[in-house]
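S.K.: Mind looking over this structure? Questions follow.
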Amino acid sequence: MKPNHIRTSWAGLSLVVFLSVLSAGCMAPAHIATSLERSAANRTLVRGMETLRQHIQTLQDQGDPLGDYFYAMANADGWINDVQQPEAITALFEQAAAKGVMDAKILLALQVATSEPIPGRLDYGKSPRGNVEAWERGLAQLLPLLQQQCYARRLVVDQGRPKVAYYSIAYDVWPRYRDGHWVQNERKEWEPRIAKDPQRQAVWEDLDRRCRIRRDDFLDLTIQKR
131 MKPNHIRTSW AGLSLVVFLS VLSAGCMAPA HIATSLERSA ANRTLVRGME
181 TLRQHIQTLQ DQGDPLGDYF YAMANADGWI NDVQQPEAIT ALFEQAAAKG
231 VMDAKILLAL QVATSEPIPG RLDYGKSPRG NVEAWERGLA QLLPLLQQQC
281 YARRLVVDQG RPKVAYYSIA YDVWPRYRDG HWVQNERKEW EPRIAKDPQR
331 QAVWEDLDRR CRIRRDDFLD LTIQKR
């Protein structure tokens, strides 16, 4: 047992020396390169998020209510954690909406339709979550708002660059009327909650197709090197 133990120890030491030689030369081991890449990516992300925070602060200092909306979205997304309770986050959107921010009004109406605990869940599929009455009530509020502004904005870091991203809200609505919406009942059987409706599909799909949104609303002045 003892000789085997000694050979194993030397093998481990040889491996450590081998990796040390590689790291000292031109070629780094894969795990070291990956670690360095992740570290650089994290630094880029932190810088990008700091730019987003500065953008929010600048808007608020200028008295632009869009800063309050972006602050609400940042808390909803979780990269600012000043407010965490769903009711308090919703109140932030309501304050921005009261100041005339259309994005906030749109996302509050969408919250009614989807029965989500907080507004701004733009990464999630839009469905009635079992409450068709709320879905219809929310869409009734949403439709006239989207006829004035078809998108909602959000601050993101896109491939290392801070930007304002635009989301066509009708994009996630019209497929519900193309495909219908089905849910499982208590017996694990699928039953329709929203029927296919070509006419309603056409209304929402037209809103989506006519929605012209910006793709390059970057907040930095130069492309950050990765």
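For what it's worth, the working numbering labels the leading residue of the sequence shown as 131, then goes sequentially.
Glycine residues also receive a C-beta, built at the ideal position from the N, C-alpha and C atoms.
No experiment lies behind these values; they were computed from the predicted model shown.
Under 8 Å by Cβ, that's how I've got L349 and P292 pegged, so tell me the actual separation to the nearest angstrom.
M.R.: Rounded, the Cβ-Cβ distance is 4 Å, consistent with contact.
S.K.: Count the other C-beta atoms from every protein chain shown that fall within 10 angstroms of the C-beta of A221, then say buried if there are 16 or more, exposed otherwise.
M.R.: Under this definition A221 is an exposed residue.
S.K.: Less than 8 Å separating the beta-carbons of R267 and V303?
M.R.: Not a contact, by the Cβ cut-off of 8 Å.
S.K.: Excluding sequence positions up to five away, which residues of its chain have a Cβ less than 8 Å from the Cβ of K132?
M.R.: Residue placement at K132 is flagged as unreliable, the pLDDT there being 39, under the threshold of 50; a coordinate-derived value is accordingly withheld.
S.K.: For A300, tell me which candidate among I236, P322, V313, K326 has the shortest Cα-Cα distance.
M.R.: The candidate whose alpha carbon is nearest that of A300 is I236.
S.K.: Near Y201, what residues of its chain come up, given a Cβ to Cβ distance below 6 Å and the 5 sequence neighbours on each side ignored?
M.R.: I186.
S.K.: Considering only the alpha carbon of each residue, which of R317, N205, D338, V294 lies closest to L276?
M.R.: Checking every option, the nearest Cα to that of L276 belongs to D338.
S.K.: Here's the rule I'm using: 16 or more other beta-carbon atoms within 10 Å means buried, otherwise exposed. How should W312 be labelled?
M.R.: By the neighbour-count rule (16 or more Cβ atoms within 10 Å), W312 is not buried but exposed.
S.K.: For T188, which residues in the same chain have their Cβ closer than 8 Å to its Cβ, ignoring the five residues on either side in sequence?
M.R.: Excluding residues within five positions, the ones whose Cβ falls inside 8 Å are G197.
S.K.: Which of helix, strand or coil does DSSP assign to V176?
M.R.: Helix at V176.
S.K.: So, with DSSP's three-state summary, where would you put R283?
M.R.: Strand.
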